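Only one structure is covered here, and it is reproduced in the block below.
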Amino acid sequence: MRIRAVRPTELPALQDIERAAGECFRDVGMPEIAEDEPLPVTELARYRSAGLAWVVANGTDAPVAYLIADRVDGNLHVEQVSVHPDHSRRGLGRSLLDHLAAHAAEEGAPALTLTTFTCVPWNAPYYLRCGFTFMDDEQVGDGLRAIRAQEAAHGLDRWPRTCMRRELGRLRAGPVRPRA
């Protein structure tokens, strides 16, 4: 499998990947998230045009996972990362995050950021294992605050959410543990 830029004809496939990946939210009592529609093709095209949309392609060059990002508060912000369940638990999400980190480093961005659910195993706990740390309120910039406000207006604050950050020098690092 390889990571490459999203092709214009693949945008509907990204929606299919997100729908399939979202089904697991039903198992943790969040059916509303599973039923939430992915971004429209026109919005996905904006990420592709900005050079901030990548897929993991399988042996037949079909997308099986994807990541889209934005530039927020001087960092690259993970807007969405989804892996089709038929290809999950193979490190594809982490590979996409590492790819984004390398891209961000080339751009001179200091970090990656994201917002996520705190109590969903494949959300905040997973991102901790991928080198992200929780952000204190004073670390959250205006751009992330605006994203959180949009998420709240969309009803996502029904479940605990947080902002996280990954410094770019920490590729493949584990969670930060307090010193004894």
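Each residue of the sequence shown is one higher than the one before, starting from 0 at the first, in numbering that gives the first Met the number 0. All C-beta atoms in this analysis are idealised placements derived from N, C-alpha and C, irrespective of residue type, glycine included. Note that this is a predicted model, so its numbers are computed, not measured.
Name, in chain order, the residues that DSSP records as bridge partners for residue i.
i, result
"residue 74", "71"
"residue 55", "2, 64"
"residue 87", "None; residue 87 has no bridge partner."
"residue 27", "According to DSSP, which records beta bridges pairwise, residue 27 is partnered with nothing at all."
Between residue i and residue j, how many whole angstroms is the CB-CB distance? I'm expecting something under 8 angstroms.
i, j, result
"residue 94", "residue 17", "The Cβ separation is near 18 angstroms, so there is no contact."
"residue 49", "residue 74", "No, residue 49 and residue 74 are not in contact; Cβ-Cβ is about 15 angstroms, not under 8 angstroms."
"residue 103", "residue 43", "Actually they do not touch by this definition, with Cβ atoms about 20 angstroms apart."
"residue 150", "residue 165", "So it is not a contact: roughly 19 angstroms between Cβ atoms."
"residue 110", "residue 116", "Not really, about 20 angstroms apart at Cβ, beyond 8 angstroms."
"residue 72", "residue 154", "Between residue 154 and residue 72 the Cβ distance is about 24 angstroms, and since that is not below 8 angstroms, they are no contact."
"residue 112", "residue 163", "7 angstroms"
"residue 2", "residue 77", "With 8 angstroms as the limit, residue 2 and residue 77 do not qualify as a contact, their Cβ atoms being about 14 angstroms apart."
"residue 23", "residue 62", "That belief does not hold up - the Cβ atoms of residue 23 and residue 62 are roughly 19 angstroms apart, past 8 angstroms."
"residue 129", "residue 99", "The pair is not a contact, with the Cβ atoms about 11 angstroms apart (cut-off 8 angstroms)."
Over the uninterrupted beta strand (DSSP E) stretch that includes residue i, give me the two end residues.
i, result
"residue 114", "110-116"
"residue 164", "160-166"
The alpha helix (DSSP H) spanning residue i covers which residue range?
i, result
"residue 48", "40-48"
"residue 21", "10-21"
"residue 31", "30-34"
Task: Touch test, the stretch 49-69 against the stretch 124-141, Cβ-Cβ under 8 angstroms, three pairs minimum - done: no
Open item on the list: Quick check: the stretch 40-48 against the stretch 1-8, are at least 3 beta-carbon pairs closer than 8 angstroms?
Closed with: yes
Task: Complete beta strand (DSSP E) runs within the stretch 93-149 (minimum length 3 residues, chain order) - done: 110-116
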